[in-house]
Structure formats: structure tokens, C-alpha cells
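Trainee: Starting off with a structure, shown below.
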């Protein structure tokens, strides 16, 4: 398992991944129409509300793994705005733990390959569903985006240039 350190590069990379998730996820879930949470793309396709609830579950699960409990919940979706709040709150709790000196009870690689990568995948699904619902997310160069360790809340910097 990883040794606690404020300068652990793997831990810092995980925190950067969470900040990236906050930036990209925030962009995908912001300014959606009231009906978006229940948008149905087709039979057997999760609604955006169910996907966002699943992302919250993944972030909670990732934190539980990091602290050594490995506790999974399959939550019923809350109203959209509540799920948005839950998304950012779960990111903050996970990031706060990673920023601490508490030892990781799982390898950073496993934390990335499981819950974090899965959450990034699902943010992409929400973005695709927005396009299908007629409310596409504007593109930008994410390479040039201002993403910083610890910035995991709804208060993200505006894109430098959208297209």
C-alpha cells in the first residue's frame, strides 16, 4: 500500500484525476433543462439521473476502498440538483482523504483503474446524452484547461476557449 506523504506523486496524480473529473463532470452536468435527469435515450439505457447517482456511488466506493472498508451502495437517484451536490461533496471527501497523511489501504493504480476511471467513463456518457437530448456540451482543449489539485467543487474556472 502507499506510504502517506504530502509529496507522494501517485497520490497527487489521483488528486489531479479527481480535479479533472470535477472540471469535466461539472461541465457535463451544469445548465441542463429540468427534464434532462429523466431523458430516455432508448430501452435499457440508464437515464442521466441514474448515471449521476452511479458516479456518486463510485466516488463513495473509491473513498471506502482507500480507507480500507470497500463498501458499495447502489443508490436511488435523488433530484438532479441534489445529485449534483452529492457529486461535488463526494469528490471533496475523496480529495480531502488523498490530501491527508492517512495511509492508503489500496494501491493508487487500483483506485484509478476502478472507481475513478469508471466515473470518467460515465461523465462521457452524460455528455453524449446531453447531445442526444439537444443540449450539447461545448468542446474545448482540455489540455489547456485550468485544472488544479484540490479544486473539486462546483466553482470551476471558465474554459479558456470553447468551440
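Residue numbers (the working numbering): 208 to 370. From the three backbone atoms N, C-alpha and C, an ideal C-beta is built for every residue, glycine too. All values derive from a computational prediction rather than experimental measurement.
Rounding to the nearest angstrom, what Cα-Cα distance links residue 343 and residue 335 in this structure?
Mentor: The count along the chain shown starts at 1 and reaches residue 343 at position 136. The count along the chain shown starts at 1 and reaches residue 335 at position 128. Taking the straight line joining both Cα atoms gives about 8 Å.
Trainee: In chain order, what residues of the same chain lie with their CB nearer than 7 Å to the CB of residue 234, ignoring the 5 residues before and after it?
Mentor: Your numbering for residue 234 matches position 27 in the chain shown. Answer for residue 234: 344, listed in chain order.
Trainee: What is the DSSP secondary structure of residue 227, counted as helix, strand or coil?
Mentor: Here residue 227 is taken as the residue at index 20 of the chain shown, counted from 1. It is helical.
Trainee: Note the first and the last residue of the continuous alpha helix (DSSP H) segment covering residue 332.
Mentor: Along the chain shown, read from residue 1 onward, the residue named residue 332 stands at position 125. Counting along the chain, the alpha helix (DSSP H) containing residue 332 begins and ends at 324-339.
Trainee: Rounded to whole angstroms, what's the CA-CA distance from residue 352 to residue 227? Just pull it up for me.
Mentor: Here residue 352 is taken as the residue at index 145 of the chain shown, counted from 1. Here residue 227 is taken as the residue at index 20 of the chain shown, counted from 1. Each residue's alpha carbon lies about 9 Å from the other.
Trainee: Look up residue 319 in the DSSP assignment and say whether it is helix, strand or coil.
Mentor: As a position in the chain shown, residue 319 is number 112, starting the count at 1. It is helical.
Trainee: Identify the continuous alpha helix (DSSP H) that holds residue 296 and give its terminal residues.
Mentor: The residue given as residue 296 occupies position 89 in the chain shown. First-last of the alpha helix (DSSP H) with residue 296: 287-306.
Trainee: Starting from residue 407, follow the alpha helix (DSSP H) in both directions and report where the run begins and ends.
Mentor: Limits of the chain in this structure are 208 at one end and 370 at the other, which puts residue 407 out of reach.
Trainee: Mapping the DSSP letters down to three states, classify residue 209 as helix, strand or coil.
Mentor: Taking the chain shown and counting its residues from 1, one reaches residue 209 at position 2. Annotation note: pLDDT 47 at residue 209 (below 50); position unreliable, coordinate value reported separately. It is coil, neither helix nor strand.
Trainee: Output needed for residue 298: all residues of its chain with C-beta closer than 7 Å, excluding positions within five of it in sequence on either side, in chain order.
Mentor: In the chain shown, the residue the question calls residue 298 occupies position 91. So the qualifying residues of the chain are 225, 228, 229, 266, 359.
Trainee: Out of 329, 253, 271, 242, state which residue places its alpha-carbon closest to the alpha-carbon of residue 283.
Mentor: On the chain shown, residue 283 is found 76 positions in, with the first residue counted as 1. The shortest C-alpha separation from residue 283 is found at 253.
Trainee: With a CB to CB cut of under 7 Å and the five nearest residues on each side skipped, what residues in its chain are close to residue 280?
Mentor: In the chain shown, the residue the question calls residue 280 occupies position 73. Correct list, in chain order: 264, 267.
Trainee: So, at 6 Å on beta carbons, what are the nonlocal neighbours of residue 278 in its own chain, with the 5 sequence-adjacent residues on each side left out?
Mentor: On the chain shown, position 71 is the one that residue 278 refers to. Answer for residue 278: 271, listed in chain order.
Trainee: Say whether chain C places a C-beta atom closer than 7 Å to the C-beta of residue 345.
Mentor: Looking for chain C here will not work: only one protein chain is present.
Trainee: Around the Cβ of residue 370, are there at least 16 other Cβ atoms within 10 angstroms (buried) or fewer (exposed)?
Mentor: Working through the chain shown from its first residue, we reach residue 370 at position 163. So residue 370 counts as exposed.
Trainee: Buried or exposed, going by whether 16 or more other CB atoms sit within 10 Å of the CB of residue 288?
Mentor: In the chain shown, residue 288 corresponds to position 81, counting from 1. Classification for residue 288: exposed.
Trainee: Under the assumption that residue 366 contacts residue 347 (Cβ atoms under 8 Å), give the Cβ distance between them as a whole number of angstroms.
Mentor: Counting from one through the chain shown, the residue named residue 366 turns up at place 159. Counting from one through the chain shown, the residue named residue 347 turns up at place 140. Rounded, the Cβ-Cβ distance is 4 Å, consistent with contact.
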